[in-house]
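**Student:**
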Amino acid sequence: MSINTDFLVIGSGIAGLSFALKAANNGKVILVTKSTRDESNTKYAQGGIAAVWNENDSIEKHVEDTITAGAGINDEKIVRITISEGIERVKELIELGTRFDKNNSGEYDLAKEGGHSEHRILHHKDVTGYEIERSLLDKVLKNPNITIYDHHFAIDIITQHHLGEIVTSQTSNINCYGAYILNNLNGHIETVLSKITVMATGGAGHVYNTTTNPVIATGDGIAMVYRAKGMVKDMEFIQFHPTSLFNSAENPSFLITEAIRGFGAVLKTQKGEEFMSKYDSRGSLAPRDIVARAIDNEMKMSGDDFVYLDCRHLDRKGFIEHFPNIYEKCLTLGIDPFIKMIPVVPAQHYVCGGIAVNENGESSINKLYAIGECACTGLHGANRLASNSLLEAIVFANRAYLHASAALPHINFQEKVPNWNAEGTEHAEEMILITQSKKEVQQIMSNYVGIVRSELRLKRAFDRLEIIYKENEALYDKTTVSQNICELRNIICVGYLIIKHAMRRKESIGLHYMVKKFK
Ligand code: FAD
Ligand code: SIN
Numbered sequence: 145m146s147i148n149t150d151f152l153v154i155g156s157g158i159a160g161l162s163f164a165l166k167a168a169n170n171g172k173v174i175l176v177t178k179s180t181r182d183e184s185n186t187k188y189a190q191g192g193i194a195a196v197w198n199e200n201d202s203i204e205k206h207v208e209d210t211i212t213a214g215a216g217i218n219d220e221k222i223v224r225i226t227i228s229e230g231i232e233r234v235k236e237l238i239e240l241g242t243r244f245d246k247n248n249s250g251e252y253d254l255a256k257e258g259g260h261s262e263h264r265i266l267h268h269k270d271v272t273g274y275e276i277e278r279s280l281l282d283k284v285l286k287n288p289n290i291t292i293y294d295h296h297f298a299i300d301i302i303t304q305h306h307l308g309e310i311v312t313s314q315t316s317n318i319n320c321y322g323a324y325i326l327n328n329l330n331g332h333i334e335t336v337l338s339k340i341t342v343m344a345t346g347g348a349g350h351v352y353n354t355t356t357n358p359v360i361a362t363g364d365g366i367a368m369v370y371r372a373k374g375m376v377k378d379m380e381f382i383q384f385h386p387t388s389l390f391n392s393a394e395n396p397s398f399l400i401t402e403a404i405r406g407f408g409a410v411l412k413t414q415k416g417e418e419f420m421s422k423y424d425s426r427g428s429l430a431p432r433d434i435v436a437r438a439i440d441n442e443m444k445m446s447g448d449d450f451v452y453l454d455c456r457h458l459d460r461k462g463f464i465e466h467f468p469n470i471y472e473k474c475l476t477l478g479i480d481p482f483i484k485m486i487p488v489v490p491a492q493h494y495v496c497g498g499i500a501v502n503e504n505g506e507s508s509i510n511k512l513y514a515i516g517e518c519a520c521t522g523l524h525g526a527n528r529l530a531s532n533s534l535l536e537a538i539v540f541a542n543r544a545y546l547h548a549s550a551a552l553p554h555i556n557f558q559e560k561v562p563n564w565n566a567e568g569t570e571h572a573e574e575m576i577l578i579t580q581s582k583k584e585v586q587q588i589m590s591n592y593v594g595i596v597r598s599e600l601r602l603k604r605a606f607d608r609l610e611i612i613y614k615e616n617e618a619l620y621d622k623t624t625v626s627q628n629i630c631e632l633r634n635i636i637c638v639g640y641l642i643i644k645h646a647m648r649r650k651e652s653i654g655l656h657y658m659v660k661k662f663k
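Quick look at the structure:
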């Protein structure tokens, strides 16, 4: 069965919802999302959204902080676009009902995070993402031009390849005609034909065995575009958040926001010694790559499984007011942050690279846009500055909307697109093959392609992954398509891209750190 729509949006986080809401002014929107509609990385964002908001701050300062964090290889034009247009986009979020905290004088209570020279993070307590997701979904659900399909998993985008043409990465005009979508409510694979397709599938945390990302983050959009021969870049820059709560019983890992360090919390070894000042003059508030690497180094030297975040000296009332969710979480584990230090450990958090896009969010495939975490605009360079991700998502959702809406009247639906061919496939007999391979990929990536890398480790990871890739392709070809096998296929693909890009970059820069000893 096939369905036609002007805009097909894949993903219901901040990027997909923001795009859908605007695009609905110009056409019919179908938004598919693989879990429930609110499940996304967005929902778990804690710290907030960075924007130049008061007179002490300036676009120049935010630009400089972004480029310093990114080790200077950011695309400066994109940085300026994001930071200057971001202010208007944040105002739009507020207009549509997002509530950011204010102080006693009625002004926005701006927080500070690692790498920021000013207080510029708008937040809603320590659950900013939840509030943004709530307010966007509220508006999207009331819009008659948008239809949301929960539990609909995008398998692959449709291109000339599906019409029988040979498509390679050298093909100059690859077109996107829509996507094949697995309806998990009835098991059917639907052909959704669209004039414009928007990839807003978020991150890829589950390529690693510890991550702050919810289970939906399996890099599907990046893998789909790579399989369709579109351009993907900068995948070596994987951001590890320095402070996820150490709790081996929990996966995904619970985040302890960087804003707590902005509030005065200090990183300490298990012996109770402050260590960050040995590594950087900004101490516990240095950019994330430096802090994560320092923690990794301290843990390797001591053999400890975690370090501590000391909050015991902080103002109790202010802490509970700003971080109620984290306070509650700690208490459930028997940690009163004013009596005991919080055990923390780095965990995969964010993908700086992704689907290569231009300043309008256009990918290298015609009529396919990519926005949010799955896209690589050039904003982050070698390391993302805290709280710049939500900002990037709203700025590029808007830019993609403006560009796609202008193109829409000139686009027709592609004819004669075949439906999904499931001939010769059978239901998977052994789920163990899929779950075990997933664990193996996550182990390989965490052990050899983590915070500190070497040529030897990358080569070993590449060789191991190749074996799993071949096994899984053979299984995929004879198995009835399921979300599980597709996600495994996608994490293998994204793992391969991370390793391949890491092997190409010989020097250490930002999040890609190749030397064995910490300097
Ligand atoms: P997401 O919000 O992840 O949404 C992706 C959507 O795509 C989901 O709905 C998912 O189900 C859907 N999807 C994926 N694959 C498919 C498929 N194959 N078919 C159908 N649907 C699919 N950034 C900040 O700027 N500030 C913060 O304070 C902050 N805190 C964070 C805290 C945590 C714990 C985490 C995990 C991230 C945080 N980040 C923060 C990063 C930021 O939240 C994300 O980068 C951002 O929300 C990504 O938004 P998105 O719309 O691109 O993707
Ligand atoms: C955090 O709150 O520490 C996360 C912020 C981010 O990822 O930008």
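According to our numbering, the sequence shown is numbered sequentially starting from 145. Note that CB positions come from ideal geometry on N, CA and C, so glycine has one too.
For Ala566 versus Ile333, is the C-beta spacing smaller than 9 Å?
**Tutor:** Within the sequence shown, residue 566 is the residue found at index 422, counting from 1. Within the sequence shown, residue 333 is the residue found at index 189, counting from 1. A contact, by the Cβ cut-off of 9 Å.
**Student:** If you draw a straight line from the alpha carbon of Val173 to that of Phe151, how long is it in whole angstroms?
**Tutor:** The residue you call residue 173 lines up with position 29 of the sequence shown. The residue you call residue 151 lines up with position 7 of the sequence shown. Spanning the two alpha carbons is a distance of roughly 5 Å.
**Student:** Is the closest heavy atom of the ligand FAD to the C-beta of Phe390 under 8 Å?
**Tutor:** Within the sequence shown, residue 390 is the residue found at index 246, counting from 1. No.
**Student:** Tell me the start and end of each unbroken alpha helix (DSSP H) in the stretch 232–303 that is at least 4 residues and wholly inside, in chain order.
**Tutor:** Correct list: 272–285.
**Student:** Closest by CA to Ser664, which one among Arg371, Glu442, His547, Glu402?
**Tutor:** A question about residue 664 goes unanswered here, because the residues of the chain that appear run from 145 up to 663.
**Student:** Indicate whether Ala194 and Leu529 have their beta-carbon atoms separated by less than 9 Å.
**Tutor:** The residue labelled residue 194 in the question sits at position 50 within the sequence shown. The residue labelled residue 529 in the question sits at position 385 within the sequence shown. In contact: Ala194 and Leu529 (Cβ atoms closer than 9 Å).
**Student:** Going by the DSSP bridge assignment, what does Val596 pair with across the sheet?
**Tutor:** As a first step, residue 596 is located in the sequence shown; it is residue number 452 there, counting from the start. Tyr657, per the DSSP bridge assignment.
**Student:** Please determine, among Gln580, Ala605, Ile642, the residue with the shortest C-alpha to C-alpha distance to Leu632.
**Tutor:** Numbered from 1 along the sequence shown, position 488 holds the residue referred to as residue 632. The candidate whose alpha carbon is nearest that of Leu632 is Gln580.
**Student:** Can you name the residues that DSSP bridges to Lys614?
**Tutor:** Working through the sequence shown from its first residue, we reach residue 614 at position 470. DSSP output for Lys614 lists no bridge partner at all.
**Student:** Along the chain, where does the beta strand (DSSP E) that runs through Val489 open and close?
**Tutor:** Counting from one through the sequence shown, the residue named residue 489 turns up at place 345. Start and end: 486–495.
**Student:** Please state whether DSSP places Phe662 in a helix, a strand or coil.
**Tutor:** What you label residue 662 is simply residue 518 of the sequence shown in a count that begins at 1. Note that Phe662 scores a pLDDT of 43, beneath 50, so its modelled location is shaky and nothing firm can be said.
**Student:** Can you find the residues in the same chain that come closer than 6 Å, C-beta to C-beta, to Cys455, ignoring five residues on each side of it along the sequence?
**Tutor:** Start at 1 with the first residue of the sequence shown, and residue 455 comes out as number 311. Cβ within range, chain order: Ala409, Pro481.
**Student:** Could you tell me the alpha carbon to alpha carbon distance between Lys377 and Ser508, rounded to whole angstroms?
**Tutor:** Along the sequence shown, one-based indexing puts residue 377 at 233. Along the sequence shown, one-based indexing puts residue 508 at 364. About 11 Å.
**Student:** Going by beta-carbon coordinates alone, are Val585 and Ile636 separated by less than 9 Å?
**Tutor:** In the sequence shown, residue 585 corresponds to position 441, counting from 1. In the sequence shown, residue 636 corresponds to position 492, counting from 1. In contact: Val585 and Ile636 (Cβ atoms closer than 9 Å).
**Student:** Return the Cβ separation of Arg437 and Ile595 in integer angstroms, given the expectation that the two are a contact with Cβ distance under 8 Å.
**Tutor:** Position 293 of the sequence shown, counted from the first residue, corresponds to residue 437. Position 451 of the sequence shown, counted from the first residue, corresponds to residue 595. Yes, they are in contact, since the Cβ atoms of Arg437 and Ile595 sit about 6 Å apart, within 8 Å.
**Student:** Looking at the ligand FAD, does it come within less than 8 Å of Asp219, judged from the CB to the closest heavy atom?
**Tutor:** As a position in the sequence shown, residue 219 is number 75, starting the count at 1. Outside the cutoff, so no.
**Student:** What do you get for Met85, buried or exposed, if any count of 16 or more other CB atoms within 10 angstroms of its CB means buried?
**Tutor:** Nothing can be reported for residue 85, as the shown portion of the chain is limited to 145 through 663.
**Student:** Cα separation between Asp440 and Gly427?
**Tutor:** Taking the first residue of the sequence shown as 1, we reach residue 440 at position 296. Taking the first residue of the sequence shown as 1, we reach residue 427 at position 283. Going by the C-alpha atoms only, they are around 15 Å apart.
**Student:** Given Phe390, which residues of its chain have a CB within under 7 Å of its CB, disregarding the five upstream and five downstream residues?
**Tutor:** Within the sequence shown, residue 390 is the residue found at index 246, counting from 1. So the qualifying residues of the chain are Asp449, Phe450, Pro487, Val488, Val489.
**Student:** Whose CA, out of Val561, Ile382, Leu165, Ser549, lies closest to the CA of His493?
**Tutor:** By 1-based counting over the sequence shown, the position of residue 493 is 349. Comparing Cα positions, the closest option is Ile382.
**Student:** Could you tell me if the beta carbon of Met666 falls within a distance shorter than 8 Å of some heavy atom in the ligand FAD?
**Tutor:** The question about residue 666 has no answer, for the chain in this structure spans 145 to 663.
**Student:** Could you name the residues that DSSP lists as bridge partners for Lys623?
**Tutor:** Numbered from 1 along the sequence shown, position 479 holds the residue referred to as residue 623. Strictly speaking, residue 623 in this sequence is Thr, with Lys absent from that position. For Thr623, which the question treats as bridged, DSSP gives the partners Glu570.
**Student:** Using the Cα positions of Asn287 and Leu165, report the straight-line distance between them to the nearest angstrom.
**Tutor:** Locating residue 287 in the sequence shown gives position 143, counting from the first residue. Locating residue 165 in the sequence shown gives position 21, counting from the first residue. Going from the Cα of Asn287 to the Cα of Leu165 covers about 8 Å.
**Student:** Would the beta-carbon of Ser338 be found less than 8 Å away from any heavy atom of the ligand FAD?
**Tutor:** Within the sequence shown, residue 338 is the residue found at index 194, counting from 1. Every heavy atom of the ligand FAD is 8 Å or more from the Cβ of Ser338, so no.
**Student:** With DSSP run on the structure shown, which of helix, strand or coil describes Lys166?
**Tutor:** The residue labelled residue 166 in the question sits at position 22 within the sequence shown. Reduced to three states, the DSSP call for Lys166 is helix.
**Student:** For the alpha helix (DSSP H) containing Asp665, name the first residue and the last one.
**Tutor:** The structure shown does not extend to residue 665, since the chain is modelled only from 145 through 663, so no value can be given for it.
**Student:** Under 7 Å Cβ to Cβ from Arg264, same chain only, skipping five residues before and after it: list those, please.
**Tutor:** Taking the first residue of the sequence shown as 1, we reach residue 264 at position 120. Closer than 7 Å at Cβ, skipping near neighbours: Ala194, Ala195, Val196, Trp197, Asp201, His206, Leu254.
**Student:** My understanding is that Ser531 touches Gly191, with C-beta atoms under 8 Å, so please give their C-beta distance in whole angstroms.
**Tutor:** Sequence index remark: in the sequence shown, residue 531 carries index 387 (1-based). Sequence index remark: in the sequence shown, residue 191 carries index 47 (1-based). Right, their Cβ atoms sit about 5 Å apart.
**Student:** Collect the residues with a C-beta less than 5 Å away from any heavy atom of the ligand SIN and give them in sequence order along the chain.
**Tutor:** Result (chain order): Gln190, Gly191, Thr401, Glu402, Ala530, Ser531.
**Student:** Any chance the CB of Gly250 is under 8 Å from a heavy atom of the ligand FAD?
**Tutor:** Within the sequence shown, numbered from 1, the residue matching residue 250 stands at position 106. No; taking the cut-off as 8 Å, the Cβ of Gly250 has no heavy atom of the ligand FAD nearer than that.
**Student:** Of the choices Gly308, Ile366, Val271, Thr355, whose alpha-carbon is the least far from that of Asp245?
**Tutor:** Residue mapping note: residue 245 aligns to position 101 of the sequence shown, counting from 1. Out of Gly308, Ile366, Val271, Thr355, Val271 has the C-alpha closest to the C-alpha of Asp245.
**Student:** Which two residues bound the contiguous beta strand (DSSP E) that contains Ala500?
**Tutor:** Locating residue 500 in the sequence shown gives position 356, where the first residue counts as 1. Start and end: 498–500.
**Student:** Check each candidate in Met379, Glu277, Arg243 and name the one with the smallest Cα separation from His645.
**Tutor:** As a first step, residue 645 must be located in the sequence shown, where it is residue number 501. For His645, the nearest C-alpha among the options comes from Met379.
**Student:** Can Phe163 and Val153 be called in contact, C-beta distance under 9 Å?
**Tutor:** In the sequence shown, residue 163 corresponds to position 19, counting from 1. In the sequence shown, residue 153 corresponds to position 9, counting from 1. Yes.
**Student:** Name, in chain order, the residues that DSSP records as bridge partners for Asn148.
**Tutor:** The sequence position of residue 148 within the sequence shown is 4, counting from 1. Asn148 pairs with Leu337.
**Student:** Of all the alpha helix (DSSP H) runs that stay within the bounds of the stretch 321–379, which reach a length of 4 or more residues?
**Tutor:** The stretch 321–379 contains these whole alpha helix (DSSP H) runs: 364–371.
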